[in-house]
Amino acid sequence: MMRDVMGIINDTDIEHKLKDLTRVRSTAAVPFGGRYRIIDFVLSNMANAGIKNIGILTQSYNRSLLDHVDSGKEWDLLSKRDGLFILPPIFRYDQFTGNLGDVDHYYNHMDYFTRSRQQYVLISSSNVVYNMDFRDIQQCYEEKQADIVLVYKNAVTEENNNFRVLSLLIDNNGRIRDMAASREKKLSPAVALEIAFMKKSLFMQIIDDCIARGYRDFTKDGLIKNLEKYRIFGCEHQGFAAKIDSIHTYYRHSMGLLNPEVWKELFFRHGSIYTKVKDEPPVKYQASAMVSNSLLANGCHIAGTVENSILGRGVTVHPGAVVRDSIIMQKGQIHRGAVVENAILDKDVVITPGKQIRGEKEYPLVVEKQAVI
Amino acid sequence: MMRDVMGIINDTDIEHKLKDLTRVRSTAAVPFGGRYRIIDFVLSNMANAGIKNIGILTQSYNRSLLDHVDSGKEWDLLSKRDGLFILPPIFRYDQFTGNLGDVDHYYNHMDYFTRSRQQYVLISSSNVVYNMDFRDIQQCYEEKQADIVLVYKNAVTEENNNFRVLSLLIDNNGRIRDMAASREKKLSPAVALEIAFMKKSLFMQIIDDCIARGYRDFTKDGLIKNLEKYRIFGCEHQGFAAKIDSIHTYYRHSMGLLNPEVWKELFFRHGSIYTKVKDEPPVKYQASAMVSNSLLANGCHIAGTVENSILGRGVTVHPGAVVRDSIIMQKGQIHRGAVVENAILDKDVVITPGKQIRGEKEYPLVVEKQAVI
Amino acid sequence: MYKQECIAMLLAGGQGTRLGILTRKLAKPAVPFGGKYRIIDFTLSNCSNSGIYTVGVLTQYQPLILNSYIGIGSHWDLDKKRGGVTVLPPYVRHDGGHWYLGTANAVYQNIEFVDQYDPEYVLILSGDHIYKMDYSLMLDYHKEKAADATIAVIEVPWEETHRFGIMNTNLDNAIVEFQEKPREAKNNLASMGVYVFNWQLLRKILIEDEMDKSSDHDFGKNLIPRLLEEGKRIYAYPFRHYWKDVGTIESLWQANMDLLHDQPELDLYEKDWKIYSVNPNQPVQFIAPNAQVKKSLVNEGCQIYGSVENSVLFPGVVVGEGSVIKDSVIMSDTVIGKNVTIERAIIGEECTVEDDCIIGQPGEGQEEITVLGENVVTVKAKNIPGGVEINIENCHEFGCCPNGLTKQEVIS
Amino acid sequence: MYKQECIAMLLAGGQGTRLGILTRKLAKPAVPFGGKYRIIDFTLSNCSNSGIYTVGVLTQYQPLILNSYIGIGSHWDLDKKRGGVTVLPPYVRHDGGHWYLGTANAVYQNIEFVDQYDPEYVLILSGDHIYKMDYSLMLDYHKEKAADATIAVIEVPWEETHRFGIMNTNLDNAIVEFQEKPREAKNNLASMGVYVFNWQLLRKILIEDEMDKSSDHDFGKNLIPRLLEEGKRIYAYPFRHYWKDVGTIESLWQANMDLLHDQPELDLYEKDWKIYSVNPNQPVQFIAPNAQVKKSLVNEGCQIYGSVENSVLFPGVVVGEGSVIKDSVIMSDTVIGKNVTIERAIIGEECTVEDDCIIGQPGEGQEEITVLGENVVTVKAKNIPGGVEINIENCHEFGCCPNGLTKQEVIS
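Set out below in structure tokens:
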């Protein structure tokens, strides 16, 4: 087990790719798959690999995330020595200069890295949905005698073509020879999943080198510029992995869970995915319920029709209401005769009787938290 | 018990009055009295009065505070329905305009106030050290049929004369007729302790009124401007209360604890003061130890001389070392032959053999965290 | 310790013999119910919701699962610095050890525990019943009547009065006579086994009852009659909501079915009176394209490819294509293959029902519930007649033993 | 449940009769020690620090304080989702109830509990000893030797060998002979009561031993000789650090005094091997202007106005002006008035020693330790002769009963 590794999850990205879903929370805290938040996957992967010390670098606005991860108990991270640590941005607004890159965030928590007893770090961004045995990464590190290992996936589909992806050029020995964060031109099908493994001392040195030169971007300045200097190797993740970086990918990958193979791989393959549990009763199906090809979280109350959809905790679908190809988050209420199609409803949305909302599959409609339509 | 009251602790103040002690933490998280943090007092007062739902408005830089209060377990605030909530500032640094008053902080968490089930609010700043039965405030509220109750203390000494204090003019019936935050001119000996009690609905209305008019200061804009409109009454706290608003007051009030009457009142009067407990062994006194008139937290190891001082957890005083009239925070090490007088040593300070540091009683020397002298 | 106005003593030592194989390795309060609960969840949640935060749980029979399930009570919000849940097994004193001999003796042996909190009132509860009740209202009633003891009562059908302790009351609800399981009842108000006592009185009576060698040391049979004889003020507290003693297989099955109406008498979805439970970690349930689910409770981790009607499914149950589950209770992690029919059955945890089996063959005039104990495995196309009970002791008779095991290996 | 490589079974049922009034209402593992610990803290902390996170604690005698002290093990970082601490009291099965009859029988009765985790190895521990030991190193040694069982041993003075189980070993540390409390020992390697067994072997031997009606069902007396007879590979694991069985008042006192040297053998301040405990909530200790404290351990909440030398003070102790405490152990929340002298004594929790008392009168040739049980109250200027033991049963003889109570009231 990876007791000698500390996990670092970087949730400081504040770009607006997830639109309304990240207006009230960070990417890590966006609900996914009915009862999870996106961060649950990387956090569970780390916990399942035996990592006992995990730091989450957060945005200032981290209330949802704090509430969700709490003390880390659900991931069995309560501990006297190690555990789960929240690392908020360190600056005071009266001194704020308006510029923070991820390197600054790491640098500001140097004391936490120094104090931790572990010898290695596993650094990950907060927006990838996957179930991976992280011990494979360390094995790859040892086999290749690498300085740094990056996890990648061979992307065969056309995904992400609207967004920058970090593509890799890997030689026959597995060493990474080129890296580029580009929108269209890819070096190869290998796409980095934004997970890096290295010695803690090396990580701290890279951060220090960046700070010394005024560099702010860990990937571009810390890794790409050092491809010659350090032995950086790739480790392939062969299973399902979805980077959530737009409403489009959010919707598409959510719907992907309706494939039982994906559902089983994601939730059972290497270990369970943990999340904050809530006290919800079972799903109640009334006599008039018609449900097919859907995922439902506990506490739902179904009297209407639900097809090809994902329902969060405590959603109510009244008699005669229809939900199709949609994602309804926690406590949504779809009243009598209402129709919801190709839509993403954030938490606590109410669709009043008879109202109909419809998006397109390629452009799902997003309804913001607590809206009443 | 005050189950129908929600507690709000405001720790968003970022002025530099506590100098180096607040460079690495907020006022609430400054160590006090050997094993406490300043926030422990108001938090314990609330918990002892039976308040079950407490929100702490924090600065962005809240890592020490998060680590200290954790899930609220030490104050028995773990709960399925209510509990302890951390309310960080809500803004994104890419959108930050550089201006936040306390009204903005409250306004940004309106959803939390709305969602809470309690009917009343008790709002307090985070920098007062005292042991008070908060139920007296509600009693005062009911007896006077007040709209708002403020807690005050009759200050007889010359304290705080370098800083603005909120002085009150109170009529015979207890109603507050005038309030002013001034440095020199006081309206009366009555000084507000920055604790207010009112209906939650009224609190939310005042915040809304302020926001609607562009006002940012809850005390000046929300209370002082409304002295006619609302029935605002004073409730006197007759015991010990110390506002920590400068190095001077921090040092003086810390030393005040060496008076056994103050020590007993503060820690035992109405209920216990709780704090995060740590696994420290007892204080070990060696054969050469000479200790008098001092407070020592567990885990200390004393072989030298300690007089009129306060020692935090795990402080080591080696043989021949002398500590006098000083405050040594957690894990300080005073080596053989060193002398510390009239000083405040932040956490993890090391005084190497033979070194001598001395301040003046009226101007104690502050040594910053992790310094090695 | 800290003084508490009222603490609860929860009797959870019952063996529940009439539940047969379901309580072979489990105390009755730990029996699973309603898709994700155990029976004791109702009483513990009632305590938490009523603001009774100090609860002693008296265990004796097969307590391992119950002990680790209860832990320090955090799942019911009962992990408090002052009070909280304490599990109280029988123990050895310097003068020797004594098992709990009856409900009253169990409390007697824990007088010291109660005295720690110096309470005014003690609430005596049982962990065997399914109901939602606000004990704080009963306590208010007890105070209002200035009673010495108050007993919660419920109207039962006249023809069932012989199964209960029956209270005869005057107009003010004062109890004037108590009939334990009477042949001819004068009334149909039955004791629910929920009592409020003034602690000092109960303490005295417990000590007196302990001295009485002829006593069975039972609350209903001995203590209440003794108090009535002494002329104490005992009041009946009428309760008019859902309450069920799930003492038999039939009543356990029925109580599960009661939850499946569109508007059930016992509402699990009430926001202000949640029933808490230990939540397993399972992903959201998956209902396949051709599945049918109606009038049912289904839990997280379930995968439904077939048809489920009027049934209760615990977490992690798989129902294969073409299978039909009707009027049944399927406990956690049981896997049901394809084209299986299950009707009027209770299937225990982690069973495997292979393809083409028929359990509780319908249409043969069988009225009894079929029960499979935990870990039973039915081979392909097996017919299990209605009304039988199969567990690891008789599974070989039906060819339903876990993977290749003989009787001997299974039992050892 | 989840498979674990090694789990621990901690025997904590001991009455500790030779500790007299200190174990009247308390199992021996719950006896306070070292200023803020209970004896069992050492074994539980050893488990936690050794990475053994699944621990069954076998209790039987007066377990109330122990149970609520242990809770779910969070104070020792043992509250894990997989495993953690489970308290295992004796219980009733469907064929009746059985108290634990010996150390081996206690584990025998919990075979099912162990089987849940399907471990390779089981560590058998006792909750009665004061020591710091890394069990993971012992486990490594056990594997390295390919042993069937490994027993931790410590060298004891030859003149004390008759009090211990003595191991005779060959050059490779294999045990060739075991002598239980021998009159003439061939060796001075004593068993520490810490064993590693291969679970499948232990399981078999426990079942065989249970059948043997002549057995006392004790690990040292029965199981180890039986294994040796069968020619199993049993190794001694030599331990060379501090270890103490605090079985008597004298040894409990001595073990406390051992902590007071400037460089004690047992270091409580080691950062990498913390001894965890339940931490009371008390403010920092206050040492008054004229107080003197030397060679002592003093805890939070203490207020020292007098003189304390070579003593251990638990939390919340008050020592009045002019009082002298020497070579003594004072337990939690005891209040000592002015001008009191206490020497060579153990004072229990929440006692009151009024002004001008002398406890353990010095200079009278008394070598024995004076003991006051909990809640004893000595009136002003009382002389308590050295070597007596006072508790609530004999306090009236010494005029030391809690506030105005007579013997009768105190005992009831």
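Chains as they are written, first to last, in UniProt numbering: chain D, 1 to 373; chain E, 1 to 373; chain B, 1 to 412; chain Y, 1 to 412.
Ideal Cβ positions, reconstructed from N, Cα and C, are used throughout, including at glycine.
Quick caveat: nothing in here was measured; it's all calculated off a predicted structure.
Around the beta carbon of V176/B, a 10 Å sphere encloses fewer than 16 other beta carbons of the protein chains shown; the residue is thus reported as exposed. A contact between stretches requires three or more CB pairs, one per stretch, nearer than 8 angstroms, and the segment 234-241 of chain Y fails this requirement with the segment 235-251 of chain E. For Y53/B, no Cβ of chain Y is located within less than 7 angstroms of the residue's own Cβ. The residue from E112/B, T43/B, C357/B, D77/B with its alpha-carbon nearest to that of W199/B is E112/B. Under the three-state reduction of DSSP, F203/D is assigned to helix. Between the alpha carbons of V312/Y and D41/Y lies a distance of about 17 angstroms. Annotated as distal: K80/Y and Y117/Y, with beta-carbon spacing of 7 angstroms or more.
Under the 10 Å beta carbon count, P289/B is surrounded by fewer than 16 other beta carbons and is classified as exposed. Along the UniProt domain "Nucleotidyl transferase" (17-167) of chain E, the alpha helix (DSSP H) occurs as fully enclosed runs of 4 or more residues at 39-48, 63-69, 102-108, 110-115, 135-143, listed in sequence order.
Contact check for H270/D and N48/D: beta-carbon distance about 6 angstroms, within the 8 angstroms limit, so the pair qualifies. Within the segment 141-217 of chain Y, the runs of beta strand (DSSP E) at least 3 residues long that lie entirely inside it are, in chain order, 149-155, 165-169, 175-180, 189-198. A146/B counts as exposed, since fewer than 16 other beta carbons sit within 10 angstroms of its beta carbon. Per DSSP, C6/Y is one residue of the beta strand (DSSP E) stretching across 6-11. Per the Cβ contact rule, the segment 275-283 of chain B is in contact with the segment 72-86 of chain B (3 or more Cβ pairs under 8 angstroms). Closer than 8 angstroms at the C-beta level to chain D, one finds these residues of the segment 75-106 of chain Y: D77, D79, K80, K81, R82. For P63/Y, the closest Cβ of chain B is nearer than 7 angstroms. Only those residues of the segment 34-54 of chain D whose C-beta falls short of 9 angstroms from the nearest C-beta of chain B are listed: G34, R35, Y36.
Runs of the beta strand (DSSP E) spanning 3 or more residues and lying entirely within the segment 216-256 of chain Y occur at 234-238, 243-245, in chain order. The beta carbon of D76/E sits closer than 7 angstroms to some beta carbon of chain B.
If you look at L44/Y, you'll find it in the alpha helix (DSSP H) that goes 40-49. For T341/Y, the pairing in a beta bridge is given by DSSP as V324/Y, I358/Y. Contact annotation for D279/D against chain E: K80 [CB-CB distance below 8 angstroms, chain order]. Identification of chain E residues near N62/D by a Cβ-Cβ cut-off of 8 angstroms yields P88, ordered along the chain. Secondary structure note for S68/B: it is in no beta strand (DSSP E), and the uninterrupted alpha helix (DSSP H) holding it is 64-70.
For L252/Y, the closest Cβ of chain E is not nearer than 7 angstroms. Straight-line measurement puts the Cα of L77/D at about 8 angstroms from the Cα of N53/D.
Just so you know, the alpha carbons of V69/E and K80/D end up roughly 15 angstroms apart. When 7 angstroms is used as the limit between beta carbons, Q282/Y is near no residue of chain B, the shortest such separation being about 14 angstroms. For L21/E, the nearest beta carbon of chain D is not closer than 7 angstroms to its own beta carbon. Counting every other CB atom within 10 Å of its CB across the protein chains shown gives Q286/D a total of 16 or more, marking it as buried. Using beta-carbon distances, S26/E does not count as an interface residue toward chain D, since no partner is under 7 angstroms. L259/B is a Cβ neighbour of G34/B, given a cutoff of 7 angstroms.
Contact annotation for S68/Y against chain B: T86 [CB-CB distance below 7 angstroms, chain order]. Taking a cut-off of 8 angstroms for Cβ pairs, the segment 345-360 of chain Y and the segment 328-336 of chain Y touch, as three or more such pairs fall below it.
The C-beta of Y242/Y comes no closer than 7 angstroms to any C-beta of chain E. The contact set of F113/B on chain Y, defined by CB atoms closer than 7 angstroms, consists of L64 in chain order.
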